[in-house]
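Structure record follows, encoded as structure tokens.
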Amino acid sequence: MAQIFALLDCNNFYVSCERLFSPRLEGRPVVVLSNNDGCIIARSNEAKELGIKMGAPFFQCRELMEAHQVQVFSSNYPLYGDLSQRVMGILSQLEPEVDIYSIDEAFFRQAKGKPQALLDNGRHIRATVRKQVGIPVSIGFGSTKTLAKIANRIAKKQPEHGGIFVLPEENLEAILATIEVGEVWGIGPRHSQKLFTYGIRTALDLKNANDTWLRKHLTITGLRTAMELRGVSCLPFEEVPAPRRKSVTSSRSFGQPVTDLSGLREALSAYVSIAAEKLRAEHKKAGCLQVYLTTNRFRDGEPQYANSLTVNLPNPTASTLALIHHASEALRQLYRPGFSYRKVGVILVDLVASSHEQQHLFRAKHEEQGELMAALDKINRRWGRDTLQSGSAGFKRPWKNKQTRKSPSYTTSWHELPVVR
DNA sequence: TCTGGGGTCCTAGGACCC
DNA sequence: TCTGGGGTCCTAGGACCC
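Going by our numbering, the first sequence opens with residue 15, and the numbers climb by one from there.
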């Protein structure tokens with residue numbers, strides 16, 4: 015039986031989360047900043063209208079934002095993550111087949127029906143989420159994931175549709191002709207630029223482009239995108255989030271440049287601790303780790319250096335202390351004096367489930383520090399991440415960035431529950 | 001002064017093997 | 001005189017996503 019894809023997407027999700035607990039923000043321009051208060055990663059419609067661009071550096075739009083009294087928030091992931099779960103929970107109650115794609119998006123799939131029936135269903139879902147969670151969403155229907163994305167975009171951008179749009183089959187081409195090729199899911203700025211120079215400017219042009227040409231210039235992924243525009247479904251629907259992640263990363267840009275090895279090691283130790291904690295939460299061990307460091311590429315006048323090193327671990331491990339040990343050694347090899355460093359990071363790869371790991375004949379169980387790590391995680395879960403940590407992560411942490419505009423974790427921390435007077 | 005962080009997939013090219 | 005070719009694995013780099 016023919017099926018249809020739908021995409022539910024939360025409108026300006028992070029901003030909507032902030033508004034939920036501060037109704038005074040309704041109707042006013044609001045933005046949310048990236049992890050380090052560096053870039054703008056979410057904007058309300060009012061902020062978009064002021065011309066504030068996605069990903070723009072905060073300091074560059076500061077004046078404009080002050081002039082228009084834009085409300086600015088540091089990102090509050092515990093809050094967004096919790097509200098995301100609530101939205102996805104409701105969708106999963108209403109729809110049997112759900113494919114959660116990101117923190118604010120989920121595909122669902124249903125039997126192809128009359129457009130009016132799809133529209134009614136979409137309206138019902140939208141109203142239910144709005145009522146039970148309070149987050150506004152848009153829903154688009156199309157015969158492939160890529161077309162559902164386009165439908166969603168139209169639902170969001172053209173208010174007359176009331177947040178729901180079903181891509182019609184009859185004049186699909188006329189609609190695709192109005193979509194710039196760079197707005198198609200999977201076509202980024204680089205490909206977009208290249209396509210333009212070859213005269214492919216709209217989604218319709220891409221749909222009609224030559225397969226051999228696409229394969230050559232955009233690789234197999236670009237060809238798949240074109241096929242999807244033709245209504246041939248190439249992107250799988252993944253109901254179970256089964257193909258679990260293959261790597262765990264932790265990194266941050268520094269609040270101020272770091273020049274010495276010991277400062278870098280402190281920061282790296284802190285990031286390794288975070289990554290190891292994530293690893294243990296998923297009951298995994300890493301067989302390999304990669305350390306990288308880089309100077310500030312935006313500073314033209316300064317000498318630049320970036321490098322990375324991959325280390326195969328003697329045994330897969332999830333021990334913070336063992337991982338810090340190997341990461342520090344890699345860092346020592348990578349480090350060159352005389353540079354102002356901006357960032358270090360660690361990537362854990364070759365992940366194996368703890369239960370599937372090969373037992374090592376000559377390795378004592380206590381070397382894994384399983385009980386120590388379990389205690390560490392328990393304490394830090396209860397009292398906060400920094401309660402118990404490796405001494406190598408330092409105490410003063412001059413490299414640490416501050417998030418000065420963070421709203422409370424209203425829904426996930428007892429200490430920060432909103433108070434009703 | 002101040003420019004995110006965490007992921008995935010694909011390809012080309014080198015190393016290595018027989 | 002004359003020096004293969006195909007398969008596999010690994011890695012770096014590029015592009016994309018939210």
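The beta carbon of each residue, even a glycine, is placed where N, CA and C say it ideally should be. Computed from a predicted structure; not experimentally measured.
Buried/exposed call for residue i, threshold 16 Cβ in 10 Å
i: residue 199; result: buried
i: residue 367; result: exposed
i: residue 66; result: buried
i: residue 174; result: exposed
i: residue 393; result: exposed
i: residue 225; result: exposed
i: residue 287; result: buried
i: residue 212; result: exposed
i: residue 85; result: buried
i: residue 165; result: buried
i: residue 105; result: buried
i: residue 23; result: buried
i: residue 254; result: exposed
i: residue 331; result: buried
i: residue 43; result: buried
i: residue 118; result: buried
i: residue 303; result: buried
i: residue 205; result: buried
i: residue 68; result: exposed
i: residue 435; result: exposed
i: residue 143; result: buried
i: residue 274; result: exposed
i: residue 114; result: buried
i: residue 431; result: exposed
i: residue 26; result: buried
i: residue 246; result: exposed
i: residue 262; result: buried
i: residue 134; result: exposed
i: residue 192; result: exposed
i: residue 138; result: exposed
i: residue 216; result: buried
i: residue 433; result: exposed
i: residue 324; result: exposed
Rounded Cβ spacing between residue i and residue j (contact assumed at less than 8 Å)
i: residue 19; j: residue 162; result: 4 Å
i: residue 47; j: residue 98; result: Their Cβ separation, rounded to whole angstroms, is 19 Å, which puts residue 47 and residue 98 out of contact at 8 Å.
i: residue 197; j: residue 167; result: 7 Å
i: residue 131; j: residue 284; result: Rounded, the Cβ-Cβ distance is 53 Å, inconsistent with contact.
i: residue 388; j: residue 337; result: With 8 Å as the limit, residue 388 and residue 337 do not qualify as a contact, their Cβ atoms being about 16 Å apart.
i: residue 272; j: residue 355; result: 5 Å
i: residue 32; j: residue 87; result: 5 Å
i: residue 57; j: residue 29; result: 7 Å
i: residue 267; j: residue 357; result: 5 Å
i: residue 425; j: residue 93; result: 6 Å
i: residue 278; j: residue 307; result: 7 Å
In DSSP terms, what residue i is bridged to
i: residue 154; result: 21, 179
i: residue 299; result: 366
i: residue 420; result: 88
i: residue 44; result: 85
Helix, strand or coil at residue i according to DSSP, with G and I counted as helix
i: residue 218; result: helix
i: residue 49; result: coil
i: residue 389; result: helix
i: residue 271; result: strand
i: residue 56; result: strand
i: residue 264; result: strand
i: residue 193; result: coil
i: residue 67; result: coil
i: residue 202; result: coil
i: residue 29; result: helix
i: residue 359; result: strand
i: residue 185; result: coil
i: residue 209; result: helix
i: residue 402; result: coil
i: residue 36; result: coil
i: residue 408; result: coil
i: residue 76; result: helix
i: residue 427; result: coil
i: residue 396; result: helix
i: residue 16; result: coil
i: residue 61; result: helix
Item to check | Every unbroken alpha helix (DSSP H) within the stretch 98 to 179, with a cutoff of 4 residues, ordered by chain | outcome: Those alpha helix (DSSP H) runs which fall completely within the stretch 98 to 179 and span 4+ residues are 129 to 146, 159 to 171.
Checklist entry - What runs of the beta strand (DSSP E), each 3 residues or longer, lie entirely inside the stretch 278 to 356? => result For the stretch 278 to 356, the continuous beta strand (DSSP E) assignments of 3+ residues that do not extend past its boundaries occur at 298 to 309, 320 to 331, in sequence order.
Checklist entry - Taking only runs of the alpha helix (DSSP H) that begin and end inside the stretch 225 to 261, which ones reach a length of at least 4 residues, in chain order? => result Within the stretch 225 to 261, the runs of alpha helix (DSSP H) that reach at least 4 residues and sit entirely inside it are, in chain order, 225 to 243.
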